[in-house]
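Position in the first sequence counted from 1, then plus 203, gives you my numbering. Even for Gly, the Cβ is constructed at its ideal location relative to N, Cα and C. No experiment lies behind these values; they were computed from the predicted model shown. Structure first, then comments.
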Amino acid sequence: MTNKEFADFLLPNVKHTWEEYEAMYPERDLPEGAIVTRYAPSPTGLPHMGNLFQNFMSMVFANQTGGVFYLRIEDTDTSRTVENGIEKILDAIRPFGINFTEGAISETEYKGNYGPYIQTQREDIYKAYAKKLIEEEKAYASFLSKEELDEIRARQSASKERIGIYGRYAKDRNLSKEEVIDRINKGESYIIRIKSPGNFFNKIKYTDLIKGTIEMPENDIDEVIIKSDGLPTYHFAHVIDDHLMHTTHVIRGDEWVSSVPKHLQLFEILGFKPVRYAHLAPLTKNDNGTIRKLSKRLDPEATLAFYPENGIPKEAIMLYLATVTNSNFEGWLDQNPNGKISDFKFDFNKCSSSASTLYDLPKLYNISKNYISRLTKDEVYDATLEYAKVYDEELKDILEKYPDYSKAIFNIEREQKKPRKDYEKYSDVKGQIWYMYDELFEKYRDDAGYDYQSITDKDEIRNIINTYIDKYYDDNDDKDTWFSKIQNLCDELGYASNMKEYKENPDNFKGNIADVSTVIRVSLTTRSMTPDLYELLKLIGKEKIKERFNLI
RNA sequence: GGCCCGUUGGUGAAGGGGUCUAACACACCACCCUCUCAAGGUGGCAUUCAAGGGUUCAAAUCCCUUACGGGUCACCA
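See below:
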């Protein structure tokens, strides 16, 4: 029996040869230096922040080199695959503006010339290459049962040996074809293992794009490549797919670093050009002084749904991920306030090689706050409305009822060189401006509690606001006139209209212009901290100001 | 346990033999500014790079040991 016949016997009914598959997926026609990379999740659950980060990096490196970023579904563990897993992944990623140039687009469809992009639909391909290896005597059928495997592991562990199927433990390696055929005909189940040519005492070196040069022992483990259900293991599928799809760079979590010797060996055995690896450290957080991995169970911010739910702009998240990717991005953005992420040249050398990447929510919020402050009033209005449509009906109604008025509110101290930074997320908006709308003011003013600061005497408060509205306030005043009238009010009532004078002789006055302004501010809004008072008064208008003052 | 990786201020982090008594950002503190807050301005905030040892004229940067943190050792990905 020839090797070819033997391979046919072990893996029957394979439709194409590996040469045919090579021909079906020719080299991509891309510019020099183009990076082809992918996101390759298992449809076993929802993606988390770490995945988004990985996606962000992959997309950015592919885009800036004129390359390709595609989605491949690794569903070879059929027992863990969840229903609609692909849709769930797509839905979770969609709100963030991650764009795949090719790959799976639904449970059944894909776009691109290198598909299918779902591994269970590629079974024939993996088998074709497994047959090649069997023919070349680089892979073999192994009959080790679960019990035998457990026993070997237990023995190795007891004698403090390395664990795994290698060397003398790879006992099916040299079975004769006749014996293999005989056992299969008797109904024994088998899998295909690689016949590892490696020696544990040799070192291999590889250069990780992020972690730098790493030296590790050669792989000498006879790794499984085809499981008993006929599907490939991750290791085999990775190497075949990334070769056929002409992936140049694999950006993945660093739990894979220790598998690199296996993967590199597989590339070599198959005669493929290896991909370049970039291994990402896990995202961690500082939990009361201890650094630990971000956890979907413990940390809401690990879950992608957290962001849209809280009205955190996706652009801010991208900006944050950009600074996590290359920390010099932040400085660049400072120099180029209108710069876009796509204008920045990301560099693998600038990726942190530390053992963990801190995921810092306060920092994200800071970036978000700056981002929102740079938006125009129309953009803030639109984005807030979009958020409110899904998560805050009351806010949605009020924004839709008063579009122009709302935009005028958003425009206070906005669209200028150093804009006001009020909101770090769209869910902050209502809490900051509710008092500008009569409906909300009536509803919430009692609960809000008037936050008077230094002047708390009721009669004095009434005296200040009544004098002000009757004698001084006019909707048509410009800002300077408005301010000088506030000063006049102070002079009339015995408060210092000039802060410097007040600081020099505080005893000469009942208080100062800041105290008086605060009384007006609080009486109008209930709050001691608001945007520019002049703008607020003007927007609300004399009649309504009067009504609100009468409530005091 | 074996094998890998990491450890710089309150936080993130730059820097990979001399220009480092350590960039930058966030946080914090103080003062300044014709109203509060925000913004802005000025100044402050690691004599030291996990600890110890070594190489060198010279170390945060190279080497060794220790400690701590992370990852991995499946017919899971």
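- The three-state reading of DSSP puts residue 280 in coil, since its state is none of H, G, I, E or B.
- Between the alpha carbons of residue 624 and residue 596 lies a gap of roughly 25 Å.
- Secondary structure at residue 236: coil, using DSSP grouped into helix, strand and coil.
- If the five residues before and after residue 552 are omitted, its C-beta is found closer than 7 Å to no C-beta atom of its own chain.
- Taking 8 Å as the cut-off, the Cβ atoms of residue 209 and residue 337 count as close.
- Residue pairing by DSSP puts residue 482 in a beta bridge opposite 455.
- The segment 381–401 makes contact with the segment 332–350, as at least three CB pairs between them are under 8 Å.
- Closest by C-alpha distance to residue 655, out of 723, 592, 684, 626, is 723.
- Bridge pairing for residue 435: 429 [DSSP].
- For residue 508, the number of other beta carbons within 10 angstroms of its own is below 16, and it is reported as exposed.
- Just so you know, the alpha carbons of residue 543 and residue 755 end up roughly 49 Å apart.
- DSSP, reduced to helix, strand and coil, places residue 345 within a strand of the structure shown.
- Taking C-alpha positions only, residue 482 is separated from residue 388 by approximately 44 Å.
- With 16 or more other Cβ atoms from the protein chains shown falling within 10 Å of its own Cβ, residue 751 counts as buried.
- In this structure, residue 410 keeps its C-beta atom at 8 Å or more from the C-beta atom of residue 484.
- Distance check between residue 726 and each of 705, 379, 672, 679 places 672 closest, using alpha-carbon atoms only.
- Residue burial annotation: residue 721 is buried, with at least 16 other C-beta atoms found within 10 angstroms of its C-beta.
- Cβ-Cβ distances below 7 Å link residue 733 to 724, 739 in the same chain, with the five nearest sequence neighbours on each side left out; the list follows chain order.
- Taking the Cβ atoms as the reference, residue 434 lies roughly 34 Å from residue 528, outside the contact range of under 8 Å.
- For the 8 Å CB-CB criterion, residue 271 and residue 305 form a contact.
- Around the C-beta of residue 674, fewer than 16 other C-beta atoms lie within 10 Å, and the residue is accordingly described as exposed.
- With fewer than three CB-CB distances shorter than 8 Å, the segment 508–525 does not count as touching the segment 454–471.
- For residue 570, the number of other beta carbons within 10 angstroms of its own is at least 16, and it is reported as buried.
- The straight-line gap separating the alpha-carbon atoms of residue 644 and residue 579 is approximately 25 Å.
- Residue state for residue 314 is assigned as strand, using DSSP reduced to three classes.
- Residue 498 and residue 505 have their C-alpha atoms roughly 6 Å apart.
- The Cβ atoms of residue 274 and residue 307 sit closer than 8 Å to each other.
- The beta carbon of residue 313 is closer than 8 Å to those of 305, 306, 307, 319, 320, 321 in its chain, skipping five residues each way along the sequence.
- The continuous alpha helix (DSSP H) containing residue 575 extends over residues 564–576.
- A distance below 7 Å between beta-carbons, with the five flanking residues on each side excluded, links residue 386 to the following residues of its chain, in chain order: 346.
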